[in-house]
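In our numbering, the protein residues as written are 56 to 210. Beta carbons: idealized from backbone N, C-alpha and C, even for Gly. As the structure is a computational prediction, the values presented were derived from the model and not from experiment.
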């Protein structure tokens, strides 16, 4: 019996990307983002989700995509990293798919240095990178985010 992987497909700049569903808590339509002073550039600000303050990450730059402002039509993917829960801005969320684990190709077999990619899956109409949330923030960015949140909590 083969194990399988459930993936959430999302869209950025007309390209598909994926996250393992096990890391995703929910997706929501865009809400107002409160700026977080002194946060790293990848952090757009924070949102309040059921009383929890969650940093919002703009991951477009990590994928070499052009920066653009947040739109009301955007979605937020609320997901867990090893350190915290985060919200990722996406142009849209397209589907949840299931693929056998043996169909997921390790990223280093394609290209080295892809620290935030956990694998690649071939679909009928192209390939999709499966992203590892724990690689989105560098150690320095994680520390700066923690300091900014602490500073804001004590303001």
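field: Beta-carbon proximity of residue 86 to residue 131, cut-off 9 angstroms
entry: Residue 86 sits at position 31 when you count from the first residue of the chain shown. Residue 131 sits at position 76 when you count from the first residue of the chain shown. Contact: yes.
- prompt: Using the C-alpha atoms, what's the distance from residue 83 back to residue 93?
  reply: In the chain shown, counting from the first residue as 1, residue 93 sits at position 38. In the chain shown, counting from the first residue as 1, residue 83 sits at position 28. Rounded to whole angstroms, residue 93 to residue 83 spans 26 angstroms at the Cα level.
message: Taking the alpha carbon of residue 116 as the reference point, which residue from 126, 143, 104 has its own alpha carbon closest?
response: Your numbering for residue 116 matches position 61 in the chain shown. Of 126, 143, 104, the residue nearest in Cα terms is 143.
query: What is the DSSP secondary structure of residue 122, counted as helix, strand or coil?
result: The residue given as residue 122 occupies position 67 in the chain shown. DSSP places residue 122 in coil when its eight states are reduced to three.
- prompt: According to DSSP, is residue 199 helix, strand or coil?
  reply: Taking the chain shown and counting its residues from 1, the one referred to as residue 199 is at position 144. In the structure shown, residue 199 sits in a helix (DSSP, three-state: H, G or I).
- request: Would you mind giving the Cβ-Cβ distance between residue 62 and residue 151, rounded to the nearest angstrom? I have them listed as a contact below 8 angstroms.
  value: The residue labelled residue 62 in the question sits at position 7 within the chain shown. The residue labelled residue 151 in the question sits at position 96 within the chain shown. Going by Cβ atoms, the distance from residue 62 to residue 151 rounds to 7 angstroms, so yes, they are a contact pair.
Own chain residues within Cβ distance below 6 angstroms of residue 81, not counting five before or after: Within the chain shown, the letter at position 26 stands for residue 81. Correct list, in chain order: 133.
- prompt: Exposed or buried, what is residue 181 when buried is set at 16 or more other beta-carbons lying within 10 Å of its beta-carbon?
  reply: Translated into positions along the chain shown, residue 181 becomes position 126. Burial call: exposed.
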